[in-house]
Every structure is written in structure tokens, then in C-alpha cells.
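Same order as they appear, the protein sequences are chains A and B.
The numbering of the first sequence is my numbering, which starts it at 1 and goes up by one.
The numbering of the second sequence is my numbering, which starts it at 616 and goes up by one.
For glycine and all other residues, C-beta sits at the position ideal for the given N, C-alpha and C.
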Amino acid sequence: MFKLWLIPLLPFLGFLINGILGKKLPKLAINAVAIGSVLASFLWVALVVGPSSDWGAHKLHAHYFTWIASGNFHVGWDFAVDKLTMIMLMIVTGIGSLIHIYATGYMDHEGGYYRFFAYLNLFMFFMLNLVLAANYLILFVGWEGVGLCSYLLIGFYFHKKSATTAGNKAFIVNRVGDFGFALAMFLIVISFGSLDFSKVFAKAPGAPVETLTAIALLMLVGAAGKSAQIPLYVWLPDAMEGPTPVSALIHAATMVTAGVYMCSRSAVIFLHAPIAMETVAMIGLATAVFAATIGITQNDIKKVFAYSTVSQLGYMFLGVGVGAFSAGIWHLMTHAFFKALLFLGAGSVIHACHGEQDMRQMGGLKKYAPWTCIVLACASLAIAGFPGTSGFFSKDAILTAAFEHAPWMFWVGVVTAGMTAFYVWRAFWMTFWGEYRGHGKPHESPMVMLAPLMVLAVLSLAGGFLFNVPEILKDMFPLKEEIPEEHMLMGISVAAGLIGIALSWYMYVVNQELPGKIANALGPIYRLVDDKYRVDEAYDAAIVEPLIEGSSAVLWKAVDAGTIDGAVNGVGSQARGIGQILKLIQSGNIRSYATWILAGSVVIIVLMGLAGGAH
Amino acid sequence: MLANFTPTASDILRFLPETILIAAGTLMMVLDPFLTASKPKFFGHLSIVAFLAAMFAAVAANGDPGFAYSNLLIVDGFATYFRILCITIGIFAVFSSYHYLDREKAETSEYHALILFAVSGQCLMAAANDLIMIFIGLEISSIASYVLAGYLRHDKRNNEAALKYFLLGSFATGFLLYGVALVYGITGSTKLNEIHKIMAAPGISLVMASVAAALMIIGLGFKVSGAPFQMWAPDVYQGAPAPVSAFLATAPKAAAFAIFLRIFMTAFQPIASSWEPILWMMALLSMTIGNFAALTQKNVKRMLGYSSIAHAGYLLVALTSRSEIGVTAAMFYLAAYALMNIGAFAVVIHMAGKGETNVQIDDMAGLAKKQPFTAAVLTVFVLSLIGVPLTGGFFGKFYIFRAALESNLVWLAVLGLLNSAVAAYYYLRLLVVMYMHEPSEATEALEPLTPGLRVALVLPAIGTFILGILPGFVLNFARDAASLGK
Chain A
1 MFKLWLIPLL PFLGFLINGI LGKKLPKLAI NAVAIGSVLA SFLWVALVVG PSSDWGAHKL
61 HAHYFTWIAS GNFHVGWDFA VDKLTMIMLM IVTGIGSLIH IYATGYMDHE GGYYRFFAYL
121 NLFMFFMLNL VLAANYLILF VGWEGVGLCS YLLIGFYFHK KSATTAGNKA FIVNRVGDFG
181 FALAMFLIVI SFGSLDFSKV FAKAPGAPVE TLTAIALLML VGAAGKSAQI PLYVWLPDAM
241 EGPTPVSALI HAATMVTAGV YMCSRSAVIF LHAPIAMETV AMIGLATAVF AATIGITQND
301 IKKVFAYSTV SQLGYMFLGV GVGAFSAGIW HLMTHAFFKA LLFLGAGSVI HACHGEQDMR
361 QMGGLKKYAP WTCIVLACAS LAIAGFPGTS GFFSKDAILT AAFEHAPWMF WVGVVTAGMT
421 AFYVWRAFWM TFWGEYRGHG KPHESPMVML APLMVLAVLS LAGGFLFNVP EILKDMFPLK
481 EEIPEEHMLM GISVAAGLIG IALSWYMYVV NQELPGKIAN ALGPIYRLVD DKYRVDEAYD
541 AAIVEPLIEG SSAVLWKAVD AGTIDGAVNG VGSQARGIGQ ILKLIQSGNI RSYATWILAG
601 SVVIIVLMGL AGGAH
Chain B
616 MLANFTPTAS DILRFLPETI LIAAGTLMMV LDPFLTASKP KFFGHLSIVA FLAAMFAAVA
676 ANGDPGFAYS NLLIVDGFAT YFRILCITIG IFAVFSSYHY LDREKAETSE YHALILFAVS
736 GQCLMAAAND LIMIFIGLEI SSIASYVLAG YLRHDKRNNE AALKYFLLGS FATGFLLYGV
796 ALVYGITGST KLNEIHKIMA APGISLVMAS VAAALMIIGL GFKVSGAPFQ MWAPDVYQGA
856 PAPVSAFLAT APKAAAFAIF LRIFMTAFQP IASSWEPILW MMALLSMTIG NFAALTQKNV
916 KRMLGYSSIA HAGYLLVALT SRSEIGVTAA MFYLAAYALM NIGAFAVVIH MAGKGETNVQ
976 IDDMAGLAKK QPFTAAVLTV FVLSLIGVPL TGGFFGKFYI FRAALESNLV WLAVLGLLNS
1036 AVAAYYYLRL LVVMYMHEPS EATEALEPLT PGLRVALVLP AIGTFILGIL PGFVLNFARD
1096 AASLGK
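Right, here's the structure in full:
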């Protein structure tokens, strides 16, 4: 039919070829395989699947094989394409191709070149499975798979200890999220007897509200893990230890938005669970503000954009939570454009400054890297919501919907928008204006890196009116009626963005002493924010330490005291007579074990005797 | 009637797998004086032939299901499933032993004979319909296992492991035997299907029946290394020769779960309400102790020992849900569990070196750089142990927790899933040292993979993927078998 299987299979073949033969292949061949496979899958989507299905208006469904058939419970390896999937496919394969091209330039001098592209292609495979899935289990396969690749790629610079730690942190925090998702799936199976989207969504409106609320909240746990929302956001800023193209592709444009996608996909369930919706909106809003404040104080250019990503994901959840699913997806798309651009631009800046990431060691780069400066300006305008840019449309759609839901949410959103504009432009001025403060002579990046940036710059500027997502998705998510305050709201949010930009100009270009003075005046508050509210430390103290301490001190002493060492407790070293064996029995080890068994046995026998008597 | 009993053809066929294994084991001991020096690997090859013949016999017997030898045995899908599983494990145990025995200069006929005897005991357990037969099967398997654990007589660790295993194992078997006696006292029968009928009838003394079930839970709980009877497992797996640990962690456990499932889903099924809470607690305790104690381990074998306690906990969750779905889930999980553990242990065998000097987690450092293939295969097993999709471990867990939720064991499922989130941490450490650390002395000096180990690595890896991607065949077989003749 449309051979939907080709879409994920092509990157998978790329993974196999580079993964198995990569060590022996020349760089040119590795590039051709890596880029070619993703590009081919983009072209297949854009030239064949898209046009012939009228861009998802004719829903496609393909069943490949039955994965589980147990009684009346069936799960198949099924793909489906509708308009929502189509948008995701275009974003994932399109941005994916651009970032693959960029990466061939960026990773040129790195070791393990083939391994990097093999992982990147494997990531594409799982991500495409995730968006093509026609049931929750296939979606979960993609969900876990992208997590695994993210782990591999964060730890790519494994000689850096911080990178390994960050990879572990990402994996483990995501396990907490997956735990929620898994429970949600089980509840769905029990309540609806199926994991197929079509069957579940058909039955969902008739299910009890409590069940739907429980499912939706558990899904939110999963989404909060993958999409870095409070309280599970802690892994994402650390994940920037990975190579910059990875930050752009996985930790900004695609994987981290999977939570937003899943919630929108499950809109039917969420819409029938008002409490869950309210929770989504609150968590989204809280994350947006919280991460934005941290973004203001960071000096590492990638960290600024990392917190910005957390904050923008919060916006998307706000949109989903107030019922504006299509606005959330719209922001997902525009964010993919401008945030991928910001990260790749940051990569270009880092490249220019010979690996430096501290913005205090940059400055004046507009002279040395003019193209990077221009494209980053486009992205910064877009994220600040400058009128006409892509970010303007999607952010406005979310804020308007928030206003209709609860005006205070709108105002908090506006303040956040102001902060966003401020810290992104702060980064811009610190990087490109003033005098160069670093070492060596900075240089512009090669064309292979700049070309994808320019494409993304165009999309960041024009992507908003080129692709009117709410209009495209109006069959799935009905458009909201216009409200009279619309223009005023738009004016307010634009003003907030402009004020943010102006303020950053004043503080970081005109009056450069001011930021230091403010920081001193605020004292402890500033330090608290600068330390990211010490959330990591709090998690360590409250969860990690007790776990490790508990298992090494308590459990180790109580449960794991015995070891096999052959010398102390073991059979004596010289003679192996009966006396030695007796000594072993008397050495306490076996006796204490036997005591355990006896104690356990007595408890079980008594309990069960009592239970039997009670019936 | 019994005086002039002659077995029918069906009787013989239904007991054929055990007969073949025991005959082959005995033959080996007899041939030993003539052959040892001339053909060092002959006994291993002979074992594999015997195992394949026994597997063929098990499949053939399944074509003629029913009782055998006056209802002492029963051949049904359930029995066949576990017979095939234990025989498969036996085959992998032989493949992973070739190189090890060669390295330790310890190739003898009794090693292989003991494995054959152990598996024959396990097959008998799988097909037993009578508490006495179960006991005999269990003892055949256990005694062979005790000896195997201490196989390298000059190794102190082996001695300690064997002695601990033997003393504590006998202690636990005592409880099981008391349970059997008590059941006979209450019901006047040792046949599971008859006990089921009497237990279901009104007028049975629930207190005595529950105490009998408790005694059996203690005995079987020890054999499956469920908490609070788990302490022996890490010590024994750490102390025994690595291929024996691989065998002990899988085959006896699968067989013990087979009888655990069969006894509690048939004989004690009518009094389920009194044993369910105990198994609930055992399941939770096993998962928690296993996973948390594994967090701090430095020795790979010991870590896998604790991990096997945690997996016993997941399996007990399936048993606690006391439904056919639960039995299916447990059966499926045991297959996945066996494959991933054999594979993981095979890598340990490969890495250990002469005298098993390199069995710390840190000894695996940089394996991916030196032997990317070995590292990749171990990664498959580790991912399956974590429970990542597309591996057998994922589906196993999925089914178990689904069964638990369908039986309304919500808290057990929630706590179990949380447990499996914790578990990711210590499995992940293996991946980190393999892929992200510089090669250790142990990995620098590593020999290439031998053909035998290659088989014991690759086939389980393929099996792990098949169970994860195309679970249908195994799952359907398990589902059809899970009704246990009801």
C-alpha cells in the first residue's frame, strides 16, 4: 500500500550498516548511509505517503503481524497515519535530516564517528515507531527505545565522568516516568480490553470518570518523565553533556516532545478527566515559570537553552491542559524549528570558540561568525514571540486558550514569555556583542553546518503562517471561537516579549554593570536560583542517599552479611577433615541462615494457621 | 492388580525422557574408565545427544497425553513445557562447560552425568502428579545440584557453597516432607487431582490444610529462593563453578516453580484465600530484598544471585494472582528468565579466567572495546533483565503485572513495577563499565570466544529476541497448558 514500514525501516538499515560495518567504512560512506537513510524516509513521507493520503486526511492503517494473541486480547504491530501523525512524521524526519547533515560537520573530528551515527539512526527508528504506532504497546516500544538511545548518546563522551553520570540520571529518572506509563497501559487493558487507539478512544467516553482520571494522571507521570516536567525535569539540563546535535535532535526537537504527543493523542481520555486536565495545565505552567527563572542566571550557553526547553515544554503542557491540543502541537512544531536552531547555533558558537561553552568567555562573535549571528537572531526572535515569527503564532494560541480557561494562567504565561525573551536575548548579546573575551581566534563554521541552520532560520521565521496547525487539525480538535479580548491579549504578550528583549539590551549592552549589582542586591535569592533551586541536592538528600545508604547499611548488614570467601568462614585452608566442616557449621554463618529459615517458617505457619481458622 | 502390573506402551512413552537421561548418565559412569584419556570432550557430546533424544521423547510423549503408572505421572502441556525448558537449559549448560572444564583441567564423566541426573529429576518434577513423585524428583535434582556446586574439590569456595547448599537445602526439604505427610493425613491421598477434590469438599479442616500449605510454601520457597528463604542463593551462585551457577540459577528453579504452580493451582487451589496473602508478602519481600541488595554488589555472580531472587519475586507475583493468566505469565517468564540468565552467566564464564579470578563487575571494564560482539550480546541479556521492549524480559514482566492487576493485586503490581525501576540501576552498571570504561587487565588478557560458549551466547540471545518480538508460539503453548487439566 503506502509501505509505512519503510519509514522506520530505512533508518534502521542505516543503523545496521553503520553499526556493523562502520568501523571499516570511510567517512564519506558513513555520511551517505546516515544522512541518506533519514533523508530517504523524509522523502518517502513528503513525496509518497503525504500527497497520496491527502496529508493524513484519509486515515491510513496498516497491520503487519499479530504480536500478542491471548484469548480475546490482541496486540498487533500496527501503524496508523492521520493528520497528527503526519505533522509529527514531517517534523521528525525533516528536522532529523537537517540535524544529521549538520552533525557530519560538527562531529568531524570526534572519535567513534560511526558509532555516533549508528545510535542517531537507531534513535530515528524508535522515534518513528513512536509516532506511527496505532496502539499503546508499539508506542511504548518506541518510547523505551528512544530513551535507550538518548542514554547512549548522552554518555557518548564517555571519557567525561559527568557525561556518564548524566546518562545514568536520564535513564533512571525516565524509569520512574515509564513506571507511570506502564501502569496506565495496564489500567487501559483492564478497563477497555484493548490497547488499540481506535478501540480505546471509542470506549473511553463511556468509562467512569475515576478510571479515566487515573489513566490520564498515570500517563502524565510518563509524559512528565520523557518531557522533563516538574518533578521529573532534573535529567534534561544534565543531558546536555551529550554532543550538541543530540541536544538539538533528541533533547529539544523530537524525543522530549513525545509526552506532549502522547497526551494529545489520548485527548479523548484527557477531555473526560477534568481533574487530570487541570493537573496537566498546572504542572505545565509551574514548569514554564520555574525553568525560565533558572534560565536567567545560567552562564553555560547550552544550559540556558536546556532550561529554556524545559520551560517551553511547560508551555506545550499548558496548552494541552487547557484543552488547546492543537495549539500545543503547533508550539511543539515551531519549538522544534527554533529550538533545534538555537542548539545547532550554539553548537556553531561552541565550534567557533574552540569548545568553550561559558558565555563569559565569548562576546563579539558577530564579527567572526556573522552567519551564525544572523540565524541565531532569527531563532531568538521566534522564541521571544516577535510578531510574525513562528513562535508568535503558537505562543499566542496557547496564551489565548489559557486566558479563556483562567485569566491568571494567562498572566503567569505572559510574565514567563517576558523572562524567556530576556534570557534568550541575554545569551545573544553576551555571545555576539561587545569584545571577544575568550582564547584563540574564533572562526565561522563550515557550510555543511551553516546550510541546515539557514533552512531552520527560514522555518523559525515563517513556519508559523506556513503551517497553521490548528487549522490543519480542526477535524480532530475543533477550533475555539474567537474571543473579543483576542487582540488585546496578543498585544500584551508581544509587549512582554519586547520588554524582555529591551531589558536584556539595556543590561547586557548599555549598562553592563547592572546585572552584577542586581545579583549582589538579591544575594541569597540570586544564589538559590543560580544553584537551580538546589533541587538536585534535595533529591539526592531525600531519595538517592537514603536508597544507597539503606541498601548498603541496613540491607547489607541484615541480609547480605554472608559472603563466600573461603578463608574466614570457609573450609580451613590446610586440612580438610571432618573437624573443619564442623568448624564451618559453628562459624555462625550457616547457623544464622538456618535461624532465619526457622523464624520465617514459624511466622508463615502461624499466620496461615490463623488465616485457615478465620475462614 | 498391582502384583502383576505390566507397564503399557503409553506408560513407557510418557516416562521416556527421564529414562533416556538416566540411562545416558549411568552409561557415562560405566564408560568412564575406558574413555577419559583418549577423548576429552566425548562426555559432553554424549550428553547433548542424550538431551536431544530426551527432548524428542518429551515432544513425542506430548502427542499421547494422559496419566502414567497408576496416576503417579501426568503428561500434559504443562509437563511438556517444563521438560523441554529444563532439557534446553541442560544443553546450554553443557555448551558453556566445555571450555570451563578444559581451563580448569576438570573434565570428568561424573560432571556430565550429574547434570543429566539433575535434569532427569527436574523432568520428573514437571510431570509428577503425586506428592511422593514430586519429592523423589526434587531430591534427584537437589542431590545432583549439591554435588555440582562443590564440583572443583580443591577450590575452597566450591566447598563452602556445596556445604551451605546441602545443609540448608536438607533443612528446607524437611519442611516440604512434613507438608506432604500432613496432606496425606488430612486427605488420605498423595495424588494432586484427588487432593483437589477432597480439599474442595466441605468439612475439611481449614487450619490443618493451611498449615500443610504453609509447610509446602516453606520448602518450595527455599527451592525457588523466595524471601525469607533466599540467603543461600547469592552464596551458592558466587561460590559454585560458574557454569554450575548458570545451571543452578535456572533449571532447578524452573522445575521448582513448575511444582509450585502445579501444587498450588490444583491441590491447594480450593483453599487459595488462606495462602494468597502469604505469597503476596513473599513476592514483595523477594523483589525488594533481591533488588536492593543487588545495588551494592561488586561480584557479578553474587549480583546475578540477588537479581535471581528479585526475579523469583516477580514469578511469585504471577503465582499470587492465582489465575490461568498468572500461570501463563509465570511459564513464559521462566523461559525468558532462563535464556537471559544462561546468557549472562555464559559471559561471566568467558570472562572469569582460570581459577575464576575475574568475576568482579570492574573486571568487565572496556569489554566493548576488546570484544564488541561479546559486549553486544551481554547487552541484549542485560536489557532483557531490565525489561526493555523487544526482549523476552519485557513481555514476561508485562504479562505478570497484567495478571496481577486483573486479579486486583493493585498494590503488589505497583510495588513490583517500582522495584523493576530500581533494578535498572544495577544492571545499568554492567553496561556502563563495559562501554564507558577503559579496558581492565582482565579484558586486556581475554581469550577469544570458544565455539561452545558462542553457542551458549548466541542461541539464548536469539531466543530472547524471539520471545520479545514473536512471543506468540511460546505464549499460546503456555496458555493452552496453563489450565492444568481443569
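- DSSP places A842 (chain B) in the coil class of the three-state scheme, outside both helix and strand.
- Taking a contact to require three or more Cβ pairs closer than 8 Å, the region 503-523 of chain A and the region 420-438 of chain A qualify as touching.
- Taking the beta carbon of W235 (chain A) as reference, no residue of chain B falls within 7 Å; the closest one sits roughly 13 Å away.
- Taking I172 (chain A) as reference, the option from A:I301, A:I190 and A:I543 with the minimal CA-CA separation is A:I543.
- Across the structure, G736 (chain B) and L1030 (chain B) are spaced so that their CA atoms are roughly 35 Å apart.
- Straight through space, the alpha carbons of V674 (chain B) and A665 (chain B) are spaced by roughly 14 Å.
- DSSP, reduced to helix, strand and coil, places W433 (chain A) outside both helices and strands of the structure shown, so it counts as coil.
- Within chain B, the residues P1004 have their CB atoms less than 8 Å from the CB of F140 (chain A), given in chain order.
- Taking C-beta separations shorter than 8 Å and ignoring five residues to either side along the sequence, the partners of T244 (chain A) in its chain run Y106, K302, F343, L344, A346, G347 and I350, following chain order.
- Our two residues, G705 (chain B) and V1089 (chain B), have alpha carbons roughly 19 Å apart in a direct line.
- Contact check between the region 863-873 of chain B and the region 814-832 of chain B: fewer than three CB pairs, one atom from each, fall below 8 Å, which does not count as touching.
- If you look at A776 (chain B), you'll find it in the alpha helix (DSSP H) that goes K771 to T802.
- In terms of CA proximity to F186 (chain A), A:N135 leads the group A:F410, A:S97 and A:N135.
- Here W5 (chain A) carries a coil assignment [DSSP, helix/strand/coil].
- By a beta-carbon distance limit of 8 Å, V280 (chain A) does not contact A228 (chain A). Their separation comes to about 14 Å.
- Its chain contains G147 and G225 as the residues whose beta carbon lies nearer than 6 Å to that of N174 (chain A), once the 5 sequence neighbours on both sides are disregarded; these appear in chain order.
- Put simply, the CB of L1082 (chain B) is far from chain A, with every gap to its CB atoms at 7 Å or more.
- Taking the beta carbon of F171 (chain A) as reference, the chain B residues within 8 Å of it are A1039 and L1043, listed in sequence order.
- Contact between N168 (chain A) and P11 (chain A) fails: their C-beta atoms lie close to 26 Å from each other, not under 8 Å.
- For chain A, the residues of the region 779-796 of chain B that bring a beta carbon within less than 9 Å of one of its beta carbons are K779, L782, L783, F786, A787 and F790, in chain order.
- In the three-state scheme derived from DSSP, where H, G and I count as helix and E and B as strand, D850 (chain B) is classed as helix.
- When Cβ-Cβ separations below 7 Å define contact, M955 (chain B) makes no contact with chain A.
- With a threshold of 16 other beta carbon atoms within 10 Å, W1026 (chain B) falls short and is exposed.
- Following the DSSP letters along the chain, one finds L195 (chain A) in no beta strand (DSSP E), marked with neither H nor E.
- Looking at the DSSP output, T66 (chain A) shares a beta bridge with A:G76.
- Secondary structure at A721 (chain B): coil, using DSSP grouped into helix, strand and coil.
- Unbroken alpha helix (DSSP H) stretches of 4 residues or longer found wholly inside the region 685-732 of chain B: 692-719, given in chain order.
- Think of a sphere of 8 Å around the beta carbon of M255 (chain A): no beta carbon from chain B falls inside it, the nearest being about 16 Å out.
- Straight-line measurement puts the Cα of A103 (chain A) at about 33 Å from the Cα of F179 (chain A).
- Taking all protein chains shown into account, G155 (chain A) has 16 or more neighbouring C-beta atoms within 10 Å of its C-beta and is therefore buried.
- Secondary structure at V310 (chain A): helix, using DSSP grouped into helix, strand and coil.
- The region 1053-1062 of chain B makes no contact with the region 33-44 of chain A, as fewer than three CB pairs between them are under 8 Å.
- Chain order gives no chain B residues near Y539 (chain A), where near means a beta carbon separation below 7 Å; the closest approach is about 14 Å.
- In the three-state reduction of the DSSP assignment, F682 (chain B) falls in the strand class.
- Selection B:L688, B:V963, B:G841 and B:L982 evaluated against H1052 (chain B) yields B:L982 as nearest (Cα-Cα).
- Here the alpha carbon of L1033 (chain B) sits roughly 16 Å from the alpha carbon of L930 (chain B).
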